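Chemist: Next up is a structure, given as structure tokens.
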Amino acid sequence: MTKSPVLILGARSDIGMAVAHAYAAQGHPVQLAARNAGNLEPQKTDLELRHGVPVSLHEFDALALDYHERFAGALPELPGIAVCAVGFMGEQGESEISPAAAARVLRSNFEGPASILSVLASRFEQRGSGTLVGISSVAGDRGRATNYVYGAAKAGFTAFLSGLRNRLARKGVHVVTVLPGFVATQMTEGMDLPDKLTAQPEEVARAITEATAKQKNIVYVRPVWRLIMLIIRSIPEAVFKKMSI
Amino acid sequence: MRRLSGWGNYPVSQAQLLAPRSEAELQGLIASNPSVIARGNGRAYGDSAVGVPATLHMRHFDKMISFDAQTGLLVAESGVLLGDIISAFLPRGWFPAVVPGTKFVTLGGAIAADVHGKNHHKDGSFRSCLDWVEVMGPDGTVRRCSPQENTELFNWTAGGMGLTGVILRAAIRLRRVSSAWIRQQTIPAANLHAAIEIFERSAAATYSVAWIDCLAGGGRLGRSLVMLGEHAGLQDLSYDQAARPFAIPRFGSRTVPPVFPSFALNRFSVRAFNAAYFWTGARKAGRQITDFDSYFFPLDALLGWNRIYGRKGFAQFQCVLPLDSARPGLRALLQAISAAGQGSFLAVLKRLGAQDSPFSFPMEGYTLALDFPVNRRSLQLMQDLDRITIAHGGRFYLAKDSRMSRDTLHAADSRAAEFAGMRQLSGMHPSFQSAQSQRLSL
């Protein structure tokens with residue numbers, strides 16, 4: 001039996017690429033979608049050589065909402081699994097003073113991903129099968145002074161995924177929310193992250209393939225984050241507002 | 001800045017680990033840092049791939065670029081692991097022509113150390129399967145070198161420990177194999193003399209290696225289990241194996257706990273373990289079919305085995321002695337180790353073939369490798385082993401070294417001075433330095 005293709009949205013990211021490798025290793029054809037998709041040619045060749053699966057490149061801009069329908073329609077085959085690894089951290093300081101910068105963070109982490117997943121959701125719903133995977137963030141579990149614009153966007157995306165899951169639960173379409181915690185990627189390069197709390201992109205990819213296979217709903221990549229966020233969420237607001245974490 | 005060391009967790013340096021994502025970024029880092037050294041998967045035992053203050057992690061240069069299914073020529077970036085090459089191409093009937101004792105090394109690391117495998121006596125070191133290598137020099141220029149083109153750069157780069165520049169890409173030839181299985185023959189040798197006799201009459205075997213008991217003394221000095229191997233053909237396999245010759249049953253890997261109590265390793269436990277290992281091996285001696293992982297990479301199944309030596313880390317001693325002084329030299333080395341009672345379980349003896357390259361480790365003769373937990377006594381013992389090696393005309397493997405002195409290296413290996421001189425003249429010296437090259441004046 002030939003396996004269904006896996007679509008990676010935001011394929012250039014370290015997590016997106018790790019997910020592509022994980023699915024290709026299982027024998028799935030891979031569709032890589034990103035801006036300037038043409039220069040992902042080396043990644044495409046590498047995936048094909050390593051895993052012997054067909055890989056295709058697709059021009060995709062998460063912020064170009066008007067094109068999302070056309071993008072989905074132009075895919076050579078509707079994927080069985082779509083993973084959205086689109087994200088942009090931005091600079092919190094900049095987001096505080098520049099509405100344009102804040103909008104970019106909000107749109108990249110919430111509006112764009114929600115839009116493309118809506119488009120795919122309808123097609124998956126019509127077909128009656130498929131899995132949508134959204135990579136959100138523990139930053140969305142509670143807004144903190146250090147990155148609340150990014151956190152707010154991720155909170156929105158987490159709520160969106162929850163609603164989408166609810167909507168599609170009886171339609172044969174499954175939705176996975178992935179909360180990676182710290183991950184050693186280009187986005188976090190140069191940050192001083194604690195080793196024990198920091199996952200490698202390959203771990204995130206493994207968590208995603210497992211969660212998809214087992215139809216899990218919400219996945220914390222390193223289980224310790226479930227506990228950390230439980231504690232952070234349960235701090236009374238009166239106390240929380242004076243903390244710096 | 002962070003703590004950085006090699007596989008032996010000794011010595012530990014404070015270094016900045018930079019992971020460039022493009023050649024342009026790499027050029028910038030070479031230009032802007034006082035000196036750099038490239039690091040692959042950190043499997044060199046000591047400080048070969050530790051650059052102070054700046055180390056270049058090559059993990060983002062990890063793409064396979066092309067493969068010719070007619071000739072078996074693979075072009076890949078230097079950060080690709082040999083294990084990835086095996087995973088990708090063994091199912092299609094190809095295997096790297098030379099593999100060291102772990103598959104968790106990068107292509108760049110294998111070239112830089114010019115690693116050798118169990119077939120060195122027949123097929124030579126890693127450089128013998130290289131068609132070409134591309135190296136970024138101190139000025140940021142990328143040069144392709146091969147046995148035909150920029151020959152001098154090629155010769156110094158294979159075995160040059162990354163000190164000729166940053167290895168970016170290479171073309172390597174894979175060999176055709178008809179299964180993932182090895183036809184293994186285990187021959188017990190009661191002592192060193194017997195082990196050498198077995199190696200000498202097994203020159204025709206494709207692969208050969210011996211586990212040696214470094215703690216046995218007296219008449220049992222150097223008792224060994226010599227393991228010969230051939231790639232198995234379909235006729236060697238059982239019906240089930242032959243039906244799917246590249247499918248290897250998966251045994252999960254184990255992981256050593258982060259801190260293994262180092263008191264568990266002492267001369268009594270190791271001596272008992274070695275004796276049990278030898279007698280078990282001797283009883284099961286003979287022919288068997290083994291999967292390639294167990295034959296080539298037995299330790300890889302134990303992830304993080306370097307931690308069994310505890311927090312202080314360990315050092316490996318590896319030398320090669322020329323053929324005509326190998327017997328007395330090995331005897332002297334083993335007597336010193338056995339008398340000190342410090343040998344480890346992980347000790348290897350291997351016959352190497354002739355090698356003609358300016359700075360690679362191998363030479364025709366015998367190589368002995370073994371690990372020691374780092375402590376005052378073992379460091380002292382290793383200095384004694386250094387002296388014995390030099391007295392017998394031997395030399396040392398830089399990929400394993402973490403503690404040799406500059407004088408030891410230069411006394412053992414006159415090529416070191418030539419290499420250092422070449423680096424000065426060509427302008428490589430200021431740009432590419434490792435903690436090891438600084439320690440050894442390379």
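Top to bottom, those sequences are chains E and L. full-length UniProt numbering applies: residue 1 is where the first sequence begins, and numbers increase by one. full-length UniProt numbering applies: residue 1 is where the second sequence begins, and numbers increase by one. The beta-carbon is built from N, C-alpha and C at its ideal position, and this holds for glycine as well. Since we're looking at a predicted model, the values are computed, not measured.
Select from D62/L, I86/L and Q316/L the residue whose C-alpha is nearest the C-alpha of A18/E.
Modeler: For this step, residue 18/E is matched to residue 18 along the first sequence. When C-alpha distances from A18/E are compared across D62/L, I86/L and Q316/L, the shortest belongs to D62/L.
Chemist: Could you tell me which residues DSSP puts in a beta bridge with Y366/L?
Modeler: Residue 366/L sits at position 366 when you count from the first residue of the second sequence. Y366/L pairs with L321/L and R351/L.
Chemist: Can you name the start and end residues of the alpha helix (DSSP H) that I208/E belongs to?
Modeler: On the first sequence, position 208 is the one that residue 208/E refers to. Per DSSP, I208/E is one residue of the alpha helix (DSSP H) stretching across P201 to A213.
Chemist: Looking only at DSSP bridge pairs, what is Y207/L linked to?
Modeler: Position 207 of the second sequence, counted from the start, is the residue given in the question as residue 207/L. Its beta-bridge partners are G229/L.
Chemist: List the endpoints of the continuous alpha helix (DSSP H) containing G165/L.
Modeler: Position 165 of the second sequence, counted from the first residue, corresponds to residue 165/L. G165/L -> no alpha helix (DSSP H), and no H or E assigned at all.
Chemist: Identify the continuous beta strand (DSSP E) that holds Q31/E and give its terminal residues.
Modeler: Here the question's residue 31/E lines up with position 31 in the first sequence. Its beta strand (DSSP E) spans residues V30 to A34.
Chemist: Is the beta carbon of S441/L closer than 8 angstroms to that of S35/L?
Modeler: Within the second sequence, the letter at position 35 stands for residue 35/L. Within the second sequence, the letter at position 441 stands for residue 441/L. No, they are not a contact pair.
Chemist: Please return the same chain residues whose Cβ sits closer than 8 angstroms to the Cβ of Q26/E, not counting the five positions on each side in sequence.
Modeler: Here the question's residue 26/E lines up with position 26 in the first sequence. Taken in chain order, the residues that qualify are K3 and T209.
Chemist: Counting only C-beta atoms, is Q43/E closer than 8 angstroms to chain L at any point?
Modeler: Reading the first sequence from its first residue, position 43 is the one you call residue 43/E. For Q43/E, the answer is yes, since a Cβ of chain L falls inside 8 angstroms of its Cβ.
Chemist: If R233/E sits next to R142/E, beta carbons under 8 angstroms apart, how far is it from one beta carbon to the other, in whole angstroms?
Modeler: As a first step, residue 233/E is located in the first sequence; it is residue number 233 there, counting from the start. As a first step, residue 142/E is located in the first sequence; it is residue number 142 there, counting from the start. Rounded, the Cβ-Cβ distance is 6 angstroms, consistent with contact.
Chemist: Just to confirm, are A15/L and A49/L a CB contact at a threshold of 8 angstroms?
Modeler: Residue numbering aside, residue 15/L sits at position 15 when the second sequence is read from its first letter. Residue numbering aside, residue 49/L sits at position 49 when the second sequence is read from its first letter. No, Cβ-Cβ distance for A15/L and A49/L is not below 8 angstroms.
Chemist: Where do the N-terminal and C-terminal ends of the beta strand (DSSP E) with F61/L fall, by residue?
Modeler: Sequence index remark: in the second sequence, residue 61/L carries index 61 (1-based). That residue, F61/L, is in no beta strand (DSSP E); it is neither H nor E in DSSP.
Chemist: Give me the Cβ distance between F297/L and K122/L, rounded to the nearest whole Å; I'm assuming they're in contact under 8 angstroms.
Modeler: Here residue 297/L is taken as the residue at index 297 of the second sequence, counted from 1. Here residue 122/L is taken as the residue at index 122 of the second sequence, counted from 1. Not really, about 19 angstroms apart at Cβ, beyond 8 angstroms.
Chemist: Would you kindly check if the distance between the Cβ of Q335/L and the Cβ of L192/L is under 8 angstroms?
Modeler: As a working note, residue 192/L is residue 192 in the second sequence. As a working note, residue 335/L is residue 335 in the second sequence. Not closer than 8 angstroms, so no.
Chemist: Any C-beta of chain E sitting closer than 8 angstroms to the C-beta of K103/L?
Modeler: The residue labelled residue 103/L in the question sits at position 103 within the second sequence. By this cut-off, K103/L is not an interface position.
Chemist: Per DSSP, what kind of secondary structure is H174/E in: helix, strand or coil?
Modeler: By one-based count along the first sequence, residue 174/E stands at place 174. It is a strand residue.
Chemist: Tell me, please, whether the CB atom of D46/E is closer than 8 angstroms to any CB atom in chain L?
Modeler: As a working mapping, residue 46/E is identified with position 46 in the first sequence. For D46/E, the answer is yes, since a Cβ of chain L falls inside 8 angstroms of its Cβ.
Chemist: Taking the beta carbon of G190/E as the centre, do at least 16 other beta carbons fall within 10 Å, making it buried, or is it exposed?
Modeler: If you number the first sequence from 1, residue 190/E lands on position 190. So G190/E counts as exposed.
Chemist: How would you list, in chain order, the residues of chain C whose beta-carbon sits under 9 angstroms from the beta-carbon of L49/E?
Modeler: Checking the listed chains, one finds no chain C in this structure; the protein chains it contains are E and L.
Chemist: So for G329/L, helix, strand or coil by DSSP?
Modeler: By 1-based counting over the second sequence, the position of residue 329/L is 329. In the structure shown, G329/L sits in a helix (DSSP, three-state: H, G or I).
Chemist: Of the residues L47/E, C84/E, G87/E and A33/E, which one's Cα is nearest the Cα of A74/E?
Modeler: Here the question's residue 74/E lines up with position 74 in the first sequence. The shortest C-alpha separation from A74/E is found at A33/E.
Chemist: Can you name, in chain order, every residue of its own chain whose Cβ lies under 7 angstroms from the Cβ of V80/L, other than the five neighbours on each side?
Modeler: Position 80 of the second sequence holds residue 80/L. For V80/L, where only same-chain residues beyond five positions count, the Cβ hits under 7 angstroms are D62, M64, T106 and L107.
Chemist: Given that D131/L touches chain E, what residues does it touch there, using C-beta distances under 9 angstroms?
Modeler: In the second sequence, residue 131/L corresponds to position 131, counting from 1. In chain order: nothing, as chain E lies at least about 17 angstroms away.
Chemist: Touch check for the segment 213-233 of chain L and the segment 275-289 of chain L: three-plus C-beta pairs under 8 angstroms?
Modeler: yes
Chemist: Report yes or no: do the segment 231-240 of chain L and the segment 368-375 of chain L share at least 3 C-beta pairs separated by less than 8 angstroms?
Modeler: Taking a cut-off of 8 angstroms for Cβ pairs, the segment 231-240 of chain L and the segment 368-375 of chain L do not touch, as fewer than three such pairs fall below it.
Chemist: In the structure shown, what three-state DSSP assignment does L237/L receive?
Modeler: Translated into the one-based positions of the second sequence, residue 237/L becomes position 237. Looking at L237/L - three-state DSSP - the assignment turns out to be coil, as it is neither helix nor strand.
Chemist: How long is the line joining the alpha carbons of L63/E and V52/L, rounded to whole angstroms?
Modeler: As a working note, residue 63/E is residue 63 in the first sequence. As a working note, residue 52/L is residue 52 in the second sequence. In a straight line, the C-alpha of L63/E is about 43 angstroms away from that of V52/L.
Chemist: Quick check on DSSP: helix, strand or coil for H121/L?
Modeler: The residue labelled residue 121/L in the question sits at position 121 within the second sequence. Reduced to three states, the DSSP call for H121/L is helix.
Chemist: Anything in chain E within Cβ reach of D84/L, meaning under 8 angstroms, just list it in chain order.
Modeler: For the purposes of this step, residue 84/L is identified with residue 84 of the second sequence, where counting begins at 1. Within 8 angstroms of the CB of D84/L, the CB atoms of chain E belong to R50, in sequence order along the chain.
Chemist: Could you tell me which residues DSSP puts in a beta bridge with H58/E?
Modeler: The residue given as residue 58/E occupies position 58 in the first sequence. DSSP output for H58/E lists A33/E as bridge partner(s).
Chemist: Can you name, in chain order, every residue of its own chain whose Cβ lies under 6 angstroms from the Cβ of W94/L, other than the five neighbours on each side?
Modeler: Working through the second sequence from its first residue, we reach residue 94/L at position 94. So the qualifying residues of the chain are G72 and L174.
Chemist: Going by Cα to Cα distance, which pick from A155/E, G93/E, H58/E and R167/E is closest to L132/E?
Modeler: Residue mapping note: residue 132/E aligns to position 132 of the first sequence, counting from 1. Nearest C-alpha to L132/E: R167/E.
Chemist: Run through DSSP, which three-state label would T102/L get?
Modeler: Position 102 of the second sequence holds residue 102/L. Here T102/L sits in coil by DSSP.
Chemist: Curious, which full-length alpha helix (DSSP H) runs of at least 4 residues does the segment 37-89 of chain L contain?
Modeler: 82-89
Chemist: Run the CB neighbour count on G117/L, radius 10 Å, all protein chains shown included, and call it buried at 16 or more, exposed below.
Modeler: Residue numbering aside, residue 117/L sits at position 117 when the second sequence is read from its first letter. By the 10 Å Cβ count, G117/L comes out buried.
Chemist: Quick one: Cα of A38/L to Cα of G162/L, how far?
Modeler: Walking along the second sequence from the start, residue 38/L turns up at place 38. Walking along the second sequence from the start, residue 162/L turns up at place 162. About 6 angstroms.
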